[in-house]
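Scroll down for the structure; my scribbles are underneath it.
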Amino acid sequence: MERIPILRMGQFLLVTIQVDMHDRLAMQLQDDLTQRISEWNSKGVLIDISTLEIVDSFIGRMLANIAAMARVLDAEAVVVGMQPAVAITLVELGMSLEGVRTALNVESGMELLYELRGDFHEEIGG
Amino acid sequence: MSKLPEIIQNHEEGIRSEWLKAMSTTVRRSDLMTDSEIQSQTRELLAAIVAGVKSRDITDLDAQAWTQTREVLQSISASRARQGFTPSETTMFVLSLKQPLFTVIRKELSKTPDIVFDELWAATLLLDKLALLTTDAFLETREQIIFRQQQELMELSTPVVKLWEGILALPIIGTLDSARTQVVMESLLQAVVQSNSRIAIIDITGVPTVDTLVAQHLLKTITAARLMGAECIISGVRPQIAQTIVHLGIDLSGVITKARMADAFALALQRSGRAVVATQNGAGAKKQEAKKEE
């Protein structure tokens, strides 16, 4: 079965969505990602959707869900590289993805994750 | 068989001079038009009408023979629309032809009252149709002008300015409606991607009023920018607008707002790890000049 690869980069996970998202693929990604986060004890997930051109409300909700699930598992999710058309569509659908962190590209997304991890360390006094 | 075509043909000059006289009392606008212009327009139109009536069919203005008349009328009324005539003034230009024409008809056919009535009716029909044609053409030109102006406004009103590396500014002038929000949103998001900017300042100094709809449109734009990873700052909030926003119960708590664009820019610089430093008496500038000279 087709799957979206999940790459491990140290403490973080990198997911690049390069195919058209259909519903089953999205569910599979949710399963895999939560599995990996708990398995590898990851502190952050970077989801790159720069090649995603079409979204519907299901995909939008899935992005929000993944972020929420990651947070429950003590990891931060950052969505990067959203296309203008996708952003407009999501807003028109009434999905503002509250609580999902965003960045312009993978580079600034990584920076953001490093920043956030630094915060965690300070919080626990490390 | 109608005698109208012959009558018009035979009395072309007489009708024209009477017509000019009639117009001078009703719709003459010497501030918008010179005498020679109106002379040439009446001559052109009457000649076209004569050419039209020669076809002996004075009811069907869509026919081939009337093409010239239609074109002349359309160009006259288009030029009048641009010059700023009112619709009624433009229509009166054609309708004031009625009186001279009727006078001629009465004079010519005074011995046969029955036929006079028929001819008058035919002439009325003809002139009414011409007048309607004029109004249509007038409105069409007006609409074209309005459409063009709308497009110009749309293009003028959505510039995206790059203030610094990674900082964009979007001064909004005029009221935000749905169509404009779409354009503003698209151009902002496009600029964010192109220039890789993390911060966008939306300046609403030029927005006359902020109601719930405008606020909703603003929030949409901000949310879309946030989804792409750019942060928005609203600047140029006037005291009056601040009051309106609170009175309307618009929730802007998730948005950074600043009174002046300068404040927003300072914050944007701070967020991107930069600062503006004052130099003493332009010493910095002099030093740089000295360096250049070296």
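So the sequences go chain by chain: A and B. Using the working numbering, read the first sequence as starting at 3 and increasing by one per residue. Using the working numbering, read the second sequence as starting at 94 and increasing by one per residue. Think of the CB as a built atom: it goes at the ideal place given N, C-alpha and C, for glycine as much as any other residue. In this text, all values refer to a predicted model and were calculated from it rather than measured experimentally.
Who are residue i's beta bridge partners in DSSP?
i	result
I260 (chain B)	B:W257, B:I292
L48 (chain A)	A:L16, A:V80
R103 (chain A)	A:V80
I349 (chain B)	B:I326
In three-state DSSP terms, what is residue i?
i	result
R10 (chain A)	strand
V412 (chain B)	Because chain B in this structure spans residues 94 to 387, residue 412 (chain B) falls outside the shown range and cannot be described.
D22 (chain A)	coil
L65 (chain A)	helix
E324 (chain B)	strand
T298 (chain B)	strand
R5 (chain A)	coil
T251 (chain B)	coil
I265 (chain B)	strand
T53 (chain A)	coil
E125 (chain A)	Caution is warranted here: a pLDDT of 46 is assigned to E125 (chain A), below 50, making its placement in the model unreliable, and the coordinate value is therefore given only provisionally. The answer is helix: DSSP assigns E125 (chain A) an H, G or I state.
T152 (chain B)	coil
G107 (chain B)	helix
T234 (chain B)	helix
L115 (chain A)	helix
R241 (chain B)	helix
M354 (chain B)	helix
L75 (chain A)	coil
L95 (chain A)	coil
L125 (chain B)	coil
G145 (chain B)	helix
I39 (chain A)	helix
D33 (chain A)	helix
I169 (chain B)	helix
S280 (chain B)	helix
Q132 (chain B)	helix
Q275 (chain B)	helix
V303 (chain B)	coil
R331 (chain B)	coil
S110 (chain A)	helix
K313 (chain B)	helix
F85 (chain A)	Here the sequence assigns Gln to residue 85 (chain A), which means Phe is not the residue at that position. Coil at Q85 (chain A), not helix or strand.
I343 (chain B)	coil
K96 (chain B)	coil
S59 (chain A)	helix
With a threshold of 16 other CB atoms inside 10 Å of the CB of residue i, please say whether the residue is buried or exposed.
i	result
M409 (chain B)	Outside the displayed range of chain B (94 to 387) lies residue 409 (chain B), so it cannot be described from this structure.
S290 (chain B)	buried
M84 (chain A)	buried
S170 (chain B)	buried
S189 (chain B)	buried
F178 (chain B)	buried
K351 (chain B)	buried
K204 (chain B)	exposed
E78 (chain A)	buried
I159 (chain B)	The amino acid at residue 159 (chain B) is misidentified as Ile; the sequence shows Trp. Classification for W159 (chain B): buried.
R26 (chain A)	exposed
H1 (chain A)	Absent from the structure is residue 1 (chain A), since the part of chain A shown begins at 3 and ends at 128.
S110 (chain B)	exposed
V300 (chain B)	buried
K45 (chain A)	buried
R319 (chain B)	buried
G107 (chain B)	exposed
H340 (chain B)	exposed
P7 (chain A)	exposed
F358 (chain B)	buried
T127 (chain B)	exposed
G111 (chain A)	buried
I68 (chain A)	buried
T53 (chain A)	exposed
A317 (chain B)	buried
K255 (chain B)	exposed
Taking 7 Å as the cut-off, is the C-beta of residue i nearer than that to any heavy atom in the ligand NAP?
i	result
V93 (chain A)	By its list of ligands, the structure shown contains no ligand whatsoever, and the ligand NAP lies outside what it can speak to.
When the cut-off is 8 Å and only beta carbons count, does residue i lie next to chain D?
i	result
I297 (chain B)	The chain labelled as chain D is not found among the protein chains of the depicted structure, namely A and B.
Which residues of the region 312-340 of chain B have a Cβ closer than 9 Å to any Cβ of chain A? Give them in chain order.
L312, K313, T314, T316, A317, A318, R319, L320, M321, G322, A323
Within 7 Å of chain B by C-beta, residues of the region 84-104 of chain A in sequence order
M84, P86, A89, I90, L92, V93, S98, L99, T104
Between the region 105-117 of chain A and chain B, which residues of the former have a C-beta closer than 9 Å to a C-beta of the latter?
A105, L106, N107, S110, G111, L114
With 9 Å as the limit, tell me which residues of the region 289-305 of chain B have their beta carbon closer than that to any beta carbon of chain A; keep them in chain order.
N289, S290, R291
What are the residues in the region 66-85 of chain A lying within 9 Å of chain B by C-beta distance?
V80, V81, V82, G83, M84, Q85
4-residue-minimum alpha helix (DSSP H) runs that sit fully inside the region 177-230 of chain B, ordered along the chain:
180-188, 191-201
Got a sec: which bits of the region 264-293 of chain B sit with their beta carbon under 9 Å from any beta carbon on chain A, in order along the chain?
Q275, M278, E279, L281, L282, Q283, V285, V286, N289, S290, R291
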